[in-house]
Amino acid sequence: MSKPNKNSKFKELNVTKETYKAIKNVGFKYMTEIQAEVLPKALDGTDIVATAKTGSGKTLSFLIPAVELVAKLLNEAPSTYCIIVSPTRELATQTYNVLQDLVCFHEGITSALIIGGENRKAQSILLADNVHIVVATPGRLFDHMRTKEFDYKNVSCLILDEADKIFQYGFEEDLKQIINRLPKNRQTMLFSATLSDTTEALIKSAMREDYYSINTDED
Ligand code: ADP
Ligand code: MG
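Residue numbering for the sequence shown is 1 to 219, as defined by full-length UniProt numbering.
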């Protein structure tokens, strides 16, 4: 389970009042260690590589920066600004549900869950509508990237959750293709419980050189 750190309050973060209200609404007051390390840097736009064990609170470490990025762009024409890649449908669904809690006070932030096994046409309509945040599994995401309905040229934030599992489940090629097609000028955040050689190689090829690396499992 995540251990909130009594020295780090969400209140001290530089986030919109809508996001802060949503965090308070789910009953969280103190950040976990990984959240306290990642959030200030991620909110500034820094690339992040974060390893921390399961249950340490990684989801909010990337969802809060994703929501804040979109909140700053709400006066622009709607566009997909952020893509979150998860290894499984279950994990993507969980992440999507946490995202709904986080945006509930933000009027106008839109999101879509793009996973295998669900209706492609319905997903295509959502993507054509330029939803701000996409939570997806790699295979189905790449399918949509090969259609004209999905315009991803304004994506400025890519989040890879459970990166090692993305590779373990055989999505290496899909992920490479996805990254190749996304705009180069973007923030990339990678989260994992472990770091394999494949993941290290991905970090070298897909992230800025000055990325911030944090591992909260070390003493
Ligand atoms: P991870 O992705 O690292 O496995 P999660 O983001 O799924 O961890 O969070 C694990 C659990 O901890 C979830 O039930 C989540 O609601 C809870 N949690 C996350 N952040 C906090 C916090 N700051 N205070 C209390 N509980 C939290
Ligand atoms: Mg997680």
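Heads up, the beta-carbon is just placed ideally off N, CA and C, and yes, glycines get one too. All values derive from a computational prediction rather than experimental measurement.
Compare the C-alpha of LYS184 against each of VAL26, ASP47 and ARG89 and name the closest.
Relative to the Cα of LYS184, the nearest Cα in the group VAL26, ASP47 and ARG89 belongs to ASP47.
Near SER111, which residues of its chain fall below 8 Å by C-beta distance, leaving aside the five closest residues on each side in sequence?
Only residues of its own chain outside the window of five on either side were considered, and among them TYR96, LEU99, GLN100, VAL103, VAL131, HIS132, ILE133, VAL134 and VAL135 have a CB closer than 8 Å to the CB of SER111, listed in chain order.
Pull up the CB-CB distance for ILE34 and SER56, whole angstroms please, since I reckon it's below 8 Å.
5 Å
In this structure, how does DSSP classify SER86 when only helix, strand and coil are distinguished?
coil
Are the beta-carbon atoms belonging to LEU190 and ILE203 less than 8 Å from one another?
yes
Quickly, what does DSSP pair VAL134 with across the bridge? List them, please.
BP columns for VAL134 point to ILE83 and ALA112.
Among the residues of its own chain, which have a CB less than 7 Å from the CB of ASN154, if the five just before and after it don't count?
SER79, THR80 and TYR81
Beta strand (DSSP E) runs wholly inside the stretch 120 to 171, at least 3 long, in chain order
133 to 136 and 157 to 160
For ASP161 versus SER213, is the C-beta distance shorter than 8 Å?
no
Which complete alpha helix (DSSP H) runs does the stretch 176 to 206 hold, if anything under 4 residues is left out?
Those alpha helix (DSSP H) runs which fall completely within the stretch 176 to 206 and span 4+ residues are 197 to 206.
Flag ALA50 as yes when its Cβ comes closer than 7 Å to any non-hydrogen atom of the ligand ADP, and as no otherwise.
no
Quick check: the stretch 61 to 68 against the stretch 157 to 174, are at least 3 beta-carbon pairs closer than 8 Å?
With the rule of 3 Cβ pairs closer than 8 Å, the stretch 157 to 174 counts as touching the stretch 61 to 68.
By alpha-carbon positions, which one of ASN215, LYS9, ALA201 and ALA71 ends up nearest to MET31?
LYS9
In DSSP terms, what PRO4 is bridged to
THR32
Cα-Cα separation, PRO40 to ALA128
33 Å
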